[in-house]
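Numbering (my numbering), first residue to last: 2 to 125.
Note that beta-carbon positions come from the ideal geometry of N, C-alpha and C, so glycine has one too.
None of these values were measured; they are calculated from a predicted model.
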């Protein structure tokens, strides 16, 4: 199910390819960076989980409303790919280009929480 919307963030939307690439690369760096303790690893992963939930439930959907949380297309392109990685980041940038919200943010949210829970049980 998609909904067509003409929100301020979409009126001048243009995906920033360089910042999208940087977002994907930094996503991989953060998720694979060598950490020296489990406490630091858990802190970084928990921070990423919290930010991902906030982004998927609040920030990304706001881009299709009259008052989006973010308006800068370069920052949005970067965050889409940093938070969503190569798959969801590209889907989100494409959704903004088409002006169709869809449900990808909810699919991302479900998969993110599932992966966090599964990785938590593997650590213990």
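Distance CB(residue 60)-CB(residue 51) smaller than 8 Å: Counted from its first residue, the chain shown places residue 60 at position 59. Counted from its first residue, the chain shown places residue 51 at position 50. Their beta carbons are not under 8 Å apart, which means residue 60 does not touch residue 51 by this criterion.
C-alpha distance - residue 27 paired with residue 84, whole-angstrom precision: Translated into the one-based positions of the chain shown, residue 27 becomes position 26. Translated into the one-based positions of the chain shown, residue 84 becomes position 83. Straight-line Cα distance between these residues: approximately 9 Å.
DSSP three-state assignment for residue 19, whether helix, strand or coil: Mapped onto the chain shown, residue 19 falls at position 18. Three-state DSSP puts residue 19 in a helix.
Close Cβ partners of residue 57 (< 6 Å) along its chain, the five nearest in sequence each way excluded: Here residue 57 refers to the residue found at position 56 of the chain shown. Around residue 57: 106, 109, 110.
Residue 102, buried or exposed, once every other Cβ within 10 Å from all chains shown has been counted against 16: As a first step, residue 102 is located in the chain shown; it is residue number 101 there, counting from the start. Residue environment analysis places residue 102 among the buried positions, since at least 16 neighbouring C-beta atoms fall within 10 angstroms of its C-beta.
Whole-number beta carbon distance between residue 16 and residue 94, since they are thought to touch under 8 Å: Along the chain shown, read from residue 1 onward, the residue named residue 94 stands at position 93. Along the chain shown, read from residue 1 onward, the residue named residue 16 stands at position 15. Here residue 94 really is in contact with residue 16; their C-beta atoms are around 5 Å apart, less than 8 Å.
Anticipated Cβ contact below 8 Å, residue 113 with residue 53, distance rounded: Reading the chain shown from its first residue, position 112 is the one you call residue 113. Reading the chain shown from its first residue, position 52 is the one you call residue 53. Cβ-Cβ separation between residue 113 and residue 53: approximately 5 Å, consistent with a contact (criterion under 8 Å).
Candidates 91, 29, 39, 100: closest to residue 63 by CA position: Stepping through the chain shown from its first residue, residue 63 is reached at position 62. The shortest Cα separation from residue 63 among 91, 29, 39, 100 belongs to 100.
Status (buried if at least 16 other CB within 10 Å, exposed otherwise) for residue 104: Within the chain shown, the letter at position 103 stands for residue 104. Exposed, since its Cβ has fewer than 16 Cβ neighbours within 10 Å.
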